[in-house]
Amino acid sequence: MADLPIHTIVFEILTRLPAKDVGRSKSVCKQWYALLSTQDFVRIHCSRSLVSSNQRVLLIDDLTCSVRPIISKSNDYGPSSIVTFPFHHQNNDVSILSHLNGLLCVCLNHTYELLLWNPTTTAFKRLSTPDSHGFYINNLDAVGLYVDADDDYKVLHIKRRSGVLGVYIYSREVDSWRNIPFITRQEYLSPHFNWSAGTFCGGTLYFTVCECWLGGTKRVICFDVNWEQFKEISFPPVPSIGMVQGVLVNVKNVLHMFASTGMFEMTIDLWTLQGDYWIKVLSCPPIPPISLSLWCDITHYVTNGNWFVMAKLGKLFTIEMDMKPFKCFYPVSWFRGFKGAVFVQTIISPSI
């Protein structure tokens, strides 16, 4: 360590600071401000921030927006901190559509505008334009947030309108939208199909596409973010009786799906994608009946060999797993529903 230049030592120390401490450190001197603003510093700091201790759960209700830590030892949420939105809104009418590396892609429901927002630094960027790009319609559109091989954060927006069906990409680097072709079955752009938010994993953005919850066609659409090409793969072979939901999750750069089936009692299976095929890795017994309103507002995460299913009011149930096959699952978390997200505290900026 004594032989290292002081600049290298400072760099190594600062890239390990919590995100909020990095913001405070920028005011120390001009040299530190310049160092902490470089893309190399932001990229390395982000890679070192993707740990369980930096995970937070953001919850939005009619009155407040709060952020809570996840406490691994007690498997519960920690004390909440109230968050003030840095942009204009009406009665917390903010929907969270996608999240990646501390950035959230959100929609202002009263104006339909898309924004990129970092709740840790409070920085945000409006994506709407005068030529009608960057406006999101719930139940018609789909959004996915990703980063390409050039470290450019982008938003894929699938727009479904009456007479207007298209796919658009926003680039943070050039701060503009452009249209790309949708090369797969055009009927998936019909309002009869329900698209999930995109899940970014291994250079690909994945969406579930379901014709309806009770039966009907169910597929997974894959978007290669570097070649900008679409393809489709099959849904896991789950029973089609009752309601079927598939929620995608990135587990250390391997795509998994929590597939739930049933009507009055839900069964959950965990699948992993190997090539273009799904392999079942875990089945749990039927769980007690859960109302649909609550089911759409549940947090799942895996830690210390256990799979926890939680709602705003607390833990619903725990599934014990064999430690050996599931070591790669620590840590992982996701949040289902537009009114919340599990995110990591970083200094990634929504604009260049």
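Remember, the working numbering sits 9 above the position in the sequence shown when you count from 1. Each residue gets a CB set at the ideal place from its N, CA and C atoms; glycine is no exception. Predicted model only: the values in this text are computed from it and were never measured.
Collapsed DSSP secondary structure at residue i in the structure displayed
{"i": "Trp204", "result": "strand"}
{"i": "Val247", "result": "coil"}
{"i": "Pro14", "result": "coil"}
{"i": "Phe352", "result": "strand"}
{"i": "Tyr42", "result": "helix"}
{"i": "Gly175", "result": "strand"}
{"i": "Ser107", "result": "strand"}
{"i": "Ser360", "result": "coil"}
{"i": "Ile167", "result": "strand"}
{"i": "Phe20", "result": "helix"}
{"i": "Trp316", "result": "strand"}
{"i": "Arg25", "result": "coil"}
{"i": "Ala158", "result": "coil"}
{"i": "Gly284", "result": "coil"}
{"i": "Cys210", "result": "strand"}
{"i": "Gln99", "result": "coil"}
{"i": "Phe239", "result": "strand"}
{"i": "Thr327", "result": "strand"}
{"i": "Thr138", "result": "coil"}
{"i": "Val183", "result": "coil"}
Short Cβ contact (8 Å threshold) for residue i with residue j
{"i": "Gly143", "j": "Asn127", "result": "no"}
{"i": "Val253", "j": "Phe267", "result": "no"}
{"i": "Gly251", "j": "Asp233", "result": "no"}
{"i": "Leu214", "j": "Leu198", "result": "no"}
{"i": "Tyr179", "j": "Lys168", "result": "no"}
{"i": "Thr270", "j": "Val290", "result": "no"}
{"i": "Cys231", "j": "Gly225", "result": "no"}
{"i": "Val258", "j": "Glu241", "result": "no"}
{"i": "Arg356", "j": "Val51", "result": "The identity of residue 356 in the sequence shown is Ile, whereas the question assumes Arg. Yes; because the gap between Cβ atoms is below 8 Å, this pair is in contact."}
{"i": "Pro190", "j": "Leu149", "result": "no"}
{"i": "Ala132", "j": "Gln354", "result": "no"}
{"i": "Leu165", "j": "His108", "result": "no"}
{"i": "Ser36", "j": "Leu23", "result": "no"}
{"i": "Tyr177", "j": "Arg187", "result": "yes"}
{"i": "Ala151", "j": "Gly87", "result": "no"}
{"i": "Pro359", "j": "Leu125", "result": "yes"}
{"i": "Leu68", "j": "Gly349", "result": "yes"}
{"i": "Ser104", "j": "Asn147", "result": "yes"}
Exposure of residue i, with buried meaning 16 or more beta-carbon neighbours within 10 Å
{"i": "Thr73", "result": "exposed"}
{"i": "Trp316", "result": "buried"}
{"i": "Asp278", "result": "buried"}
{"i": "Cys116", "result": "buried"}
{"i": "Ser141", "result": "exposed"}
{"i": "Ala43", "result": "exposed"}
{"i": "Tyr286", "result": "exposed"}
{"i": "Val31", "result": "buried"}
{"i": "Trp183", "result": "A small fix is needed here, since residue 183 is Val in this sequence, not Trp. With fewer than 16 other Cβ atoms within 10 Å, it is exposed."}
{"i": "Phe352", "result": "buried"}
{"i": "Arg181", "result": "buried"}
{"i": "Trp236", "result": "exposed"}
{"i": "Arg25", "result": "exposed"}
{"i": "Pro14", "result": "exposed"}
{"i": "Lys39", "result": "exposed"}
{"i": "Ser205", "result": "buried"}
{"i": "Thr129", "result": "buried"}
N-terminal and C-terminal residue of the beta strand (DSSP E) that residue i is part of
{"i": "Gly143", "result": "Segment: none, Gly143 is in no beta strand (DSSP E) and carries neither H nor E."}
{"i": "Gly87", "result": "Premise fails: Gly87 is in no beta strand (DSSP E) and is neither H nor E."}
{"i": "Val229", "result": "227-233"}
{"i": "Ser199", "result": "Unbroken run through Ser199: none, as it is neither H nor E."}
{"i": "Leu112", "result": "112-117"}
{"i": "Ser61", "result": "Segment: none, Ser61 is in no beta strand (DSSP E) and carries neither H nor E."}
{"i": "Glu122", "result": "122-126"}
{"i": "Phe191", "result": "No beta strand (DSSP E) holds Phe191; DSSP gives it neither H nor E."}
{"i": "Cys219", "result": "213-219"}
{"i": "Ser269", "result": "263-271"}
{"i": "Gln254", "result": "252-260"}
{"i": "His78", "result": "For clarity, residue 78 is Pro in the given sequence; the question names His instead. Note, Pro78: beta strand (DSSP E), 74-80."}
{"i": "Cys133", "result": "The amino acid occupying residue 133 in the given sequence is Phe; Cys does not appear at that position. Per DSSP, Phe133 belongs to the beta strand (DSSP E) from 133-135."}
Boundaries of the alpha helix (DSSP H) in which residue i is found, first to last residue
{"i": "Ile69", "result": "That residue, Ile69, is in no alpha helix (DSSP H); its beta strand (DSSP E) goes 64-69."}
{"i": "Ser56", "result": "48-58"}
{"i": "Ala28", "result": "28-34"}
Q: Decide yes or no for the touch test of the region 43-61 against the region 90-101: beta carbon pairs closer than 8 Å, at least 3 of them.
A: Output reads no: the region 90-101 does not touch the region 43-61.
Q: Report yes or no: do three or more beta-carbon pairs, one from the region 119-126 and one from the region 137-157, lie closer than 8 Å?
A: yes
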